[in-house]
Amino acid sequence: EGRKEAESRKKDDDDILLSQVPAAFGFGIRGEKIIAYPQSGGEYHPELLEQILPLLLEKAKAYDCKIRAHGNSPENVRSNASNIVEAIESWAETPKPGVLLMRLRSLEADISAYDTLAGRDELYPHAIAAMLDLKSSIDDFLGMDPFVQKIQANAMALEIQGKNASKINLWLVKIEKIASESVFVDSSVEQALAEGKTSVEADEQIVRSSNDHKKTSEAIERQANQTALRVMTTRNFVARIIRSIQDGIVGGTEAGVKGAVSGGIRTGFAVLVGSIAGPFAGVAMFVASVRPIAEKASEISKLETDDADETE
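Be aware that the sequence shown starts at 14, since it is given in our numbering, and climbs by one per residue.
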């Protein structure tokens with residue numbers, strides 16, 4: 014009886030540990046692949062959609078049009094502007110609060126990078142003012158969303174120090190690359206894991222090259238915040254794969270039904286976790302809250318290595 018209770022308690026603990034936490038993206042299984050989906054908080058007040066959203070979209074589109082009409086606009090600024098429009102435009106049908114939050118961080122990085130005498134020359138007149146206005150409007154909009162508050166609380170709880178952000182992102186990029194090369198990973202996962210990477214890199218450039226102490230401090234803080242959001246997405250990704258392996262359920266194919274296919278997929282997932290375990294342990298060196306999941310990934314990696322040694 015004691016053993017059963019212990020096993021039940023361990024399963025409950027695993028259910029909590031490996032659940033999908035509030036983040037920009039969650040992960041699931043479709044067919045034989047891991048997929049990513051933008052997380053949403055559920056119900057939204059009608060006035061949020063009917064009154065504020067159209068005005069926010071109008072402002073974002075106006076900014077996007079002016080950026081595109083100005084021939085000298087840098088490509089990253091153009092891309093960030095259109096990404097913001099896309100996230101707001103799709104909100105009524107598919108709210109993406111975490112995604113919009115990450116796009117806001119990219120806009121903040123653009124403001125910091127181009128709010129100089131030389132930088133302003135690359136944008137249309139008064140572009141910085143429009144950027145600041147749009148930033149404030151998105152801040153106000155997301156401030157009404159309780160799900161965003163949960164995401165931000167989780168990000169703050171990670172306590173990522175600015176000096177470690179660039180090291181963490183090197184590990185995150187390695188995980189993204191490994192995932193992109195796996196046949197068991199949908200392209201949506203690669204896009205989710207890459208979200209926020211360009212703004213982190215832009216802030217890294219500011220940190221390395223700027224002599225302005227205020228700008229450097231702001232870039233370090235932004236980089237840490239964006240990195241925290243990226244870590245939470247990656248944490249959900251790794252947790253979902255491990256959970257699928259432990260549950261023995263993949264894409265609706267339960268153990269015992271289509272067993273050969275299920276077994277093959279499960280083995281593929283285990284190999285994927287084995288490849289990711291090292292880089293994720295690198296992330297866990299700086300982010301204590303993901304260490305339990307990193308340890309589980311390492312256990313699976315060790316089992317895969319032992320199995321491979323036995324078959325040789």
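Glycine is no exception: its CB is placed at the ideal position from the N, C-alpha and C atoms.
- If you draw a straight line from the Cα of Ile-42 to the Cα of Gln-204, it is about 16 Å long.
- Only residues of its own chain outside the window of five on either side were considered, and among them Leu-117 have a CB closer than 8 Å to the CB of Asp-152, listed in chain order.
- Here Val-296 carries a helix assignment [DSSP, helix/strand/coil].
- In this structure, DSSP gives Pro-305 a helical state, which the three-state scheme calls helix.
- A straight-line Cα-Cα distance of about 11 Å links Lys-309 and Leu-316.
- Within the region 194–238, the runs of alpha helix (DSSP H) that reach at least 4 residues and sit entirely inside it are, in chain order, 200–207 and 210–222.
- One thing to note: Ile-188 has its Cβ no nearer than 8 Å to the Cβ of Ile-47.
- Short of 6 Å from the beta carbon of Gln-239, and not among the five residues preceding or following it, lie these beta carbons of its own chain, in chain order: Arg-118, Gly-209, Ser-212 and Val-213.
- Under the three-pair Cβ rule at 8 Å, the region 152–172 does not count as touching the region 78–87.
- The beta-carbon distance between Pro-108 and Leu-155, rounded to whole angstroms, is 11 Å. This is too long to meet the 8 Å contact definition.
- If only complete runs of 4 or more residues are kept, the region 95–129 shows the alpha helix (DSSP H) at 110–127, in order along the chain.
- Comparing C-alpha distances from Asp-225 to each of Val-284, Ser-125 and Ala-215 shows the shortest one belongs to Ser-125.
- In the structure shown, Gly-41 falls within a strand segment according to DSSP collapsed to helix, strand and coil.
- Between the alpha carbons of Val-244 and Ser-257 lies a distance of about 20 Å.
- Here Tyr-137 carries a coil assignment [DSSP, helix/strand/coil].
- DSSP, reduced to helix, strand and coil, places Ala-49 within a strand of the structure shown.
- DSSP places Val-34 outside both helix and strand once states are collapsed to three, so it counts as coil.
- Pairing Ser-201 with Glu-99, the inter-Cα distance amounts to about 16 Å.
- Shown here, Gln-174 sits in coil according to DSSP, grouped into three states, outside any helix or strand.
- Around the beta carbon of Val-296, 16 or more other beta carbons lie within 10 angstroms, which makes this residue buried.
- Rounded to the nearest angstrom, the gap between the Cα atoms of Asn-93 and Val-220 is 20 Å.
- Taking a 10 Å sphere around the C-beta of Val-196, we find fewer than 16 other C-beta atoms and assign the residue as exposed.
- Here the alpha carbon of Gln-174 sits roughly 22 Å from the alpha carbon of Asp-123.
- Counting only the Cα atoms, Glu-71 lies some 23 Å from Pro-51.
- In the DSSP assignment, Pro-87 falls outside any alpha helix (DSSP H) and carries neither an H nor an E.
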